[in-house]
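S.K.: Protein chains in written order, with my numbering: chain A, 89 to 386; chain B, -6 to 420; chain C, -14 to 727; chain D, 370 to 573. Each residue gets a CB set at the ideal place from its N, CA and C atoms; glycine is no exception. Every value quoted in this text rests on a predicted model; they were computed, and no experiment measured them.
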Amino acid sequence: MAKKEYAFYPGCSSQKGASASNYLTSVNAMCDKLDVTITEIPDWNCCGASIGYAEGGELPRLALSARNFALAETHLPGKQMVATCAACWLAQREVKERLDHSEVLLKETNEALAAAGLQYQGTTPIRHMVEVLIEDLGYDALKQPVVKPLEGIKFAGYVGCQTNRPFGIAGESFENPVYLDKLVETVGGEAVPYDQKVACCGGALAFSEPEKSQKQIRDIVESAYDHGAEMIVTPCPLCQANVEIYQSEINKKQGTKFSMPVLYYSQLMTIAYGGSAKEAGLDGQLIRATKLEEIAKK
Amino acid sequence: MSASIATSQTILVVGGGISGMTAALEAAECGKQVILAEKLPTLGGRTAQLYRYFPKMCHPTCGLEINLRRLKGNRNVRVLTMAEVSAISGTRGDYTATLKIAPRYVNEKCTGCGDCSKAVSAEIPNPYNYGLDKMKAAYLPHGMAYPQRYVLDPAIVGTPDGEAAKAACKVGAIDLGMREETIELKVGAVVWATGWKPYDAAKIQPYGYDRFANVITSVEFERMCDPHGPTGGKILRPSDGKEAKNVAFIQCAGSRDENHLRHCSRICCMASLKQTQYVREAWGDDAKSTIYYIDIRAIDRFEDFYRMVQRDATVSFIKSKVAKIVQDEKTGDVVLHGVNTEGYQRYATPHDLAVLAVGMEPSIKGVKLPDDIVLDSSGFIETAGDGMFSAGCATNALDVNRAVQNATAASLRAIQVINKTANVEAA
Amino acid sequence: MAEMKTAAYICSGCGIGERVSTAQMAKVAQKEGKMALVREHACLCDESGVQAIRDDIEKEAVTHIVIAACSRRAKTEAFNFPGIAMSRANIREGVIWSQPDDADRAETTQEMADDYVRMGCAEVKKMKVPEGNPNRASNKRILVVGGGVSGMTAALEMADAGYDTVLVEKSAALGGWSAQLVKRVPSKQPYADPADTGIAELAAKVSGHKHIKVYLNAVIAQTNGAPGRFSVDIAQESGATVTEEVGALIQATGFTPYDMMQLPELGAGKSPNVVDQLGLEKLVKAANGSPVKRPSDDGEVKSVVFIQCAGQRDEAMESGGRHLPYCSGHCCATSIKQAMYFKDANPDIDTMVMYTDLRVPGTGEDFYRSGQQKGVIFTKGKTASVEASGNACKVNFKDLILNEDATIEADLVVLATGMVANSGMNIDIPEEEVAKMEVKPVSILNLNYRQGKDMPQLKNGFADSHFICFPYETRRTGIYAAGPVRRPMDMTQAIEDATGAAMKAIQAVENASLGRAAHPRAGDLSYPIVRLEGCTQCKRCTVECPFGAIDEDEKRFPVFNESRCRRCGTCMGACPVRVISFENYSVDTVGMQIKSVDMPDEFSEKPRILILACENDAYPALDMAGMQRRSYSAFVRIVPVRCLGSVNTIWITDALNGGWDGVMMMGCKKGDDYQCHFVKGSEMASYRMSKVDDTLKQMGLETERVASYEVAITDIERVPQLIDEYAAKIKEIGMSPMKGFA
Amino acid sequence: MSEHAVAPYRNDFLREVEKNVEEGHWVKMCMQCGVCAGSCPLGNAWAHPPQEIFMMIRAGKREEVLTSDSMWMCTSCYNCIVRCPRQLPITHIMHGLANYAHRLGLAPKGQPTQATATLFWNNLIKKGRVNELTFSLALYFKDGFVQGIKNALGMQSIGLGLMKAKRLNPMEILGGHGVKDQSGLQAMIAKAREIEDRKKGFSK
């Protein structure tokens, strides 16, 4: 398979010792197996996330993402930018859309960038890692490296919001996207029907409105159990964190007995490709994915 | 058939629905020569698939019978079925139309006795009922089909079923050797009466037409309520055959939506109002119909019908575009989620059945047409060129009355071309 | 016409031969039917069968034929013999397909087939080949009443098709209301901005057209005649009257805006700053490009509120409504257009459209979006009242979205009032009531017709028209309504509508010139023939004709205007002395069929039930019942009729006298939502049948022996049930005592 | 609010929103179908759903709109955007209104999402990247020290879990991640803010 190279935008949560560090670990392992090279964008900054708006307003947020583009254009010219975090990808993509469609905003943003000695050209497309896998490599290519198919494990493919709306993955529907299910099947697992696959976990409101978001999370986990899933798989760090971390809270408050592992697609693939539990970042799970660990051990 | 049957004095009408039949008959009853080309095996179009018309609650086949009588008694109209126009060249008064005629595998000898149908065993989805049921692969499209000739589905040609059909026919009407033929016609004017198709409901993802059995379209519901439809006129849920007494009607399913159809399809409000009365007739006071709407567009005297339905205790109205539908896995009920915007009330209401009032999409959308045909932003024909005219729902989203009105006008415009050419030739 | 020579052709195809003895049928045709030639054929509709018939017509000079095969609705291309009188005995759908293939039904099935052969023979012998209306007239000029956009369009479209046209306009100029518009709602994409009306150009074209003759300041004093030969007196301002001979008329007399003074609660009359939509057009025209002024003080208009459905969509009059019960359709788009007048000139002007349902169907949705794009604000609200406050107006309303009462101040309030049809007199209002009216209705067409001076009205005062399948079919043949007089409509539709009406008018003159009927029996060459010497001047025909085709002369004899006639036969059904008939459809063609059947005696337990079925709906339903092999009693004999209105009670009394045990009448729905193709035919029939009970009593018969049913073409399941239920009822009341006396 | 006295149903407030609120020019395009309101996962929490807010803006209800906490309920799930038949960027308009209310100081005091957002933003522009530890600690202590301890203890197990899983690094408190060119980044943000304030007439 032809070697592919991208400018990589990991995002804050994927940094070492951050809440999605295990995502990064597994993405690195997965990319190795797939012979995909991802080069971190030097000095990238936070995208502002979905919560940045309230204090940040419009232009400062545009500037943040524009800076990342500018850095990629300067240091990794000609490479497409790939993000693993849903929010990072969405923020970058929205900013690109807006700058490419508004002379005024483009001018003002570059005025701000100039203060950091940078300029936005608009030459670098932004992709999500899932797009890279599905569109640039394709399911067949993703199947080839499989050495330990995840046989007998039932997964609920939890797509969530921001990789799905408003842009989504090409060819997928907003209400019933199937790419996660296909990825699960590609690595030999079983995707269960799952009616919460595009429900919202509460996003950033997990911090500010815990009751409201924990109600969302409860539905998401409950439905996974109802449909016979043993694990949840997701492409979004915030979804992963919220849905995994708060299960104990919900158990405490509401007497449920949730203990549903929540993983990244990249972890599944790493294991299926013969990677170790550590390479797959399984040690990063608050709720251990024992069945995966077993397969890894085989 | 050769081109000789047509001349620059002939009008070609494309499409044999009510608009095409009207355009053809009005011209023919003025003594003009007309060729009426329909791509399906029978005339009648969409209206033949309707159970009843609003606001009179009368039966479309009644008008169809009259139009067929007009046609049978008029030698100026030449009907070509299974014929599609593949190209048109030339100019006003002097067009050459190329038509592809698909094989019917049944010739004029057919008496409509139905022996072939009895003989074959293969079954195919019945397009007349939007595929809600199956029919024999040798079939008469429906009771009012004209020409009253059977059709063999290509799938059984070259199979024992095909041979069985041939063997069963006592009059030698089955010709398994038929091939698609291409004919050229010289015509003076063309009327495009290509009509409409229901918008693909599966594209309206939040409503889950492709995922939930108990979400159906308004055109399917129309067939369901017809005593000669797939359920013999009984209003039943596809998922479990349960009697559907609590029915939700969802307006603007595709229409008035930049993600789907930009235009308002005009007929859907009235169609749903009409369909609430089917539910009422079926279940009496046990009936429960709910219309979810943005604006009720009951124009002109249709307002009386709207008022009548508003008084009907079994019908309620909610001003709301339904946000999403979920089918309850246990009960099979479809649960509609949304907000009544008149005063802001949230709802999550279960119904037995949800009927999507699907919009009208022009049939010619995406079809290769002559260059001088200009389509508007919704794909309707805005101008069709100097000697070509559009009629009926090819022009705009119209109800039957307006489609017929429009088609009558189109046939005069065609006649103007014919008469002018005639005068020129005479001079 | 040549000597009558009869022939009967018995088909044994489609399984007929296996179910009944065609030899037996042939014998019946020969012995009882007295057919000169009788032939059997294995598949009559194939080349050889049709050729056999052609040969007989050519070589044997056959003039009258009976086809005993499939239904008259089937194989019409094959059995098409111009100049030949033909009767079709329905053996396939009507007998073998509607009778179960059981041994114990074989006998009655054969009887049925034999009877249909008898009936066919009896009918054909009484038929003549129609030669067409002898009083045909071929004036192909067409007169249009009304010079607005509809009238001008109709005139121009007909002229462009080469027909001479006369246009009569009561005012001093062409254009009508549309001439007062600053701009019109767009009819072409992107449907975003108000468009030029094009009225001046249209008027110029009309006045300059070589085929169009225009009368201004003129009205119709009198209209005489019929399609192909109307003579219209046109009264001019000068007082002079000219007479124009034309073949057809188009009434395009448009509308009058609903009088806003009926809406004081909406501020009409209370403040000069409250206007209707035409009032606003005037203000904008007056401003002539400069800012629109507030009538009260000529202050610049800074805010406008448009109130939709003003005096429209009210309760029906009968349920206490005070205003128009209907929706005029165009007003939403018109208000959007008018709001754009302001927004396009100055975006700082606030414009709000207050609506309950915004009605912009089709691509009107684009225009709506464009209005929003330009900053027109839309509020779903119900207006409670409008009050003048100084030079402004206060609009009090309920915001239906925010669910609260609210008030907005505006410099100008525009009431979207509706369209009232200028349709002349309502001829259904009895004269004594007209006498009571303080404002006397004024006729527009001044028809010199027995049934009244104007076109009948259908609903809400709009001119008569069957409004679904056949929108142009009025009850006055050769006179078509076009534009808002027919239905409230906007300019785009009026142009469409006028063009369609023009088509129908052209068709009417063409058909009249050939002596042929108009819709729905287009092409029918038969026409009513009256034997005046037998007439008792009872006037029933003149009163009952749904199309006002029959007038009366000074001696009160009926005067038939054949080209106004639609050939339904209602007059024939009405005539107590049976002096009215058609060449191929008469008291005899049906009467002889009734007499021809073989009548078993009263001990046979074989009753005979006559079904008179409307050929448009009930008969096809019976056919399709056969096609679906739905069986019904073998004791019925079905006779198709043009319309139940054509049923003459003599048929019923003759049948009962002749020993028939019962008569079923199957016709179309009557009333407001009538489905009768001749509008009033089934109504007339039921009116007559309401009187038939007395006749039965006089004959000492049970009233159940005659029954009427409303049958729709879709009653394929129901009709056989009706028949079987009725057959059971007859069995219950017993055989007719009249048998054997005839 | 005298300088902002708005006549009911006149367009003053609408114009203000169009000028000053992100994507505000879309507000007039709403046709009141309500699909947004029905699509919001936190729908019940909205005193005024988006389409109603749009109507309130057209009705000139400036005070009520800007002091409402409804738009603070947005989870940025984008359901409303993808379903809106008029393709209004509703999520962004809600964000824009929230930001506008916040900048005008009209947003409800102590609105938790508002407070969180402010902490988040300040945290991220400090170093250019979010420091999850300091952010969460700040979050616990936003309601004062005592409450902060409670909150922290409440989440302790999770905190420890995350640390064990190496997904929360206690060393972060001593600085942790950040961009190298912090001065440049801060200058950029300052410039952007300056332009925006100028444009929208915010006082610093």
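Buried or exposed for F52(C), going by 16 or more other Cβ atoms inside 10 Å?
M.R.: Here residue 52(C) turns out to be Ile, not Phe, going by the sequence shown. By the 10 Å Cβ count, I52(C) comes out buried.
S.K.: So that I know if they touch, is there some Cβ in chain D lying closer than 8 angstroms to that of E372(C)?
M.R.: no
S.K.: Are the beta-carbon atoms belonging to Y361(A) and V220(A) less than 8 angstroms from one another?
M.R.: no
S.K.: Could you tell me the boundaries of the alpha helix (DSSP H) in which P48(B) lies?
M.R.: Note, P48(B): premise wrong, no alpha helix (DSSP H); not H, not E.
S.K.: Run through the DSSP bridge pairs and tell me what D335(C) is partnered with.
M.R.: The beta-bridge partner set that DSSP reports for D335(C) consists of S288(C).
S.K.: So with CB distances below 9 angstroms, who are the chain B contacts of D283(A)?
M.R.: V319, E322
S.K.: Report, in whole angstroms, the separation of the C-beta atoms of A(-8)(C) and V47(C), which I expect to be a contact under 8 angstroms.
M.R.: 4 angstroms
S.K.: Counting contacts by CB-CB distance shorter than 8 angstroms, is A291(B) in contact with chain D?
M.R.: no
S.K.: By alpha-carbon positions, which one of I28(B), G38(B), K25(B) ends up nearest to W189(B)?
M.R.: G38(B)
S.K.: I'd like to confirm the pairing. Which residues does DSSP put opposite S216(C) in its beta bridges?
M.R.: When beta bridges are read from the DSSP output, S216(C) appears opposite N209(C), E230(C).
S.K.: Between the Cα of K379(C) and those of V398(C), T364(C), I386(C), L385(C), spot the shortest distance and give me the residue it belongs to.
M.R.: V398(C)
S.K.: Can you round the beta-carbon distance between S511(C) and R552(C) to whole angstroms, since I take them to be within the 8 angstroms contact cut?
M.R.: With a beta-carbon spacing of about 6 angstroms, S511(C) and R552(C) fall inside the 8 angstroms limit used to define contacts.
S.K.: Output yes or no for whether 8 angstroms exceeds the beta carbon distance between T210(B) and F242(B).
M.R.: No, the Cβ-Cβ distance between T210(B) and F242(B) is not below 8 angstroms.
S.K.: Considering only residues of the segment 290 to 363 of chain B, which uninterrupted beta strand (DSSP E) runs meet the minimum length of 3 residues and lie entirely inside it, listed in chain order?
M.R.: 308 to 312, 317 to 320, 327 to 333, 338 to 344, 346 to 351, 353 to 355
S.K.: Taking C-beta to C-beta, are L251(C) and T368(C) nearer than 8 angstroms?
M.R.: Taking 8 angstroms as the Cβ cut-off, L251(C) and T368(C) qualify as a contacting pair.
S.K.: For K159(B), which residues of its own chain have a beta-carbon under 7 angstroms away from its beta-carbon, when the five flanking residues on both sides are left out?
M.R.: Only I167, L169 meet the Cβ criterion.
S.K.: So, helix, strand or coil for R77(C), using DSSP?
M.R.: Here DSSP, grouped into helix, strand and coil, assigns R77(C) to helix.
S.K.: Cβ atoms of A233(C) and A490(C): under 8 angstroms apart, would you say?
M.R.: yes
S.K.: Which residue spans inside the segment 242 to 272 of chain B form an unbroken alpha helix (DSSP H) run of at least 4?
M.R.: none
S.K.: So M337(C) contacts chain D; which residues on that side make the cut at Cβ distance below 8 angstroms?
M.R.: Y378
S.K.: Suppose the cutoff is 6 angstroms on Cβ atoms and the five residues either side in sequence are ignored; what does the same chain contact list for S320(C) look like?
M.R.: Counting only Cβ-Cβ distances below 6 angstroms, and skipping sequence neighbours, we find F291, V338, A401.
S.K.: Are the C-beta of F262(A) and some C-beta of chain B separated by less than 8 angstroms?
M.R.: yes
S.K.: Taking G161(C) and G133(C) to be in contact with their CB atoms under 8 angstroms, please state how far apart those CB atoms are, rounded to whole angstroms.
M.R.: That pair is a contact at about 2 angstroms.
S.K.: Which residue comes first and which comes last in the beta strand (DSSP E) that contains L29(B)?
M.R.: 26 to 30
S.K.: Short of 6 angstroms in beta carbon distance, which residues of its chain neighbour E391(D), apart from the five on each side in sequence? Order them along the chain.
M.R.: Taken in chain order, the residues that qualify are H461, G465.
S.K.: Taking 8 angstroms as the CB-CB cut-off, is P473(C) touching chain B?
M.R.: yes
S.K.: Got a sec: is the Cβ-Cβ distance from H330(B) to anything in chain D below 8 angstroms?
M.R.: yes
S.K.: How is the beta strand (DSSP E) around Q442(C) delimited, first residue to last?
M.R.: 442 to 444
S.K.: Specify the secondary structure class of T197(A) as computed by DSSP and reduced to three states.
M.R.: In the structure shown, T197(A) falls within a helical segment according to DSSP collapsed to helix, strand and coil.
S.K.: Mind checking whether P237(A) and V286(A) have CB atoms under 8 angstroms apart?
M.R.: no
S.K.: Where are the alpha helix (DSSP H) runs, 4 residues long or more, that stay fully inside the segment 618 to 691 of chain C, in chain order?
M.R.: 634 to 642, 666 to 674, 677 to 684
S.K.: Output, in chain order, the set of chain D residues within a Cβ distance shorter than 9 angstroms of N384(C).
M.R.: The sequence shown places Asp at residue 384(C), not Asn. Y378, M424, A428, listed in chain order.
S.K.: Among S288(C), A295(C), S275(C), G213(C), which one has its Cα closest to the Cα of P249(C)?
M.R.: A295(C)
S.K.: Taking just the CA atoms, how far does I375(A) sit from P223(B)?
M.R.: 52 angstroms
S.K.: Identify whether M10(C) lies in helix, strand or coil by the three-state DSSP scheme.
M.R.: helix
S.K.: Could you give the distance in angstroms between the alpha-carbon of R4(C) and the alpha-carbon of M612(C)?
M.R.: 16 angstroms
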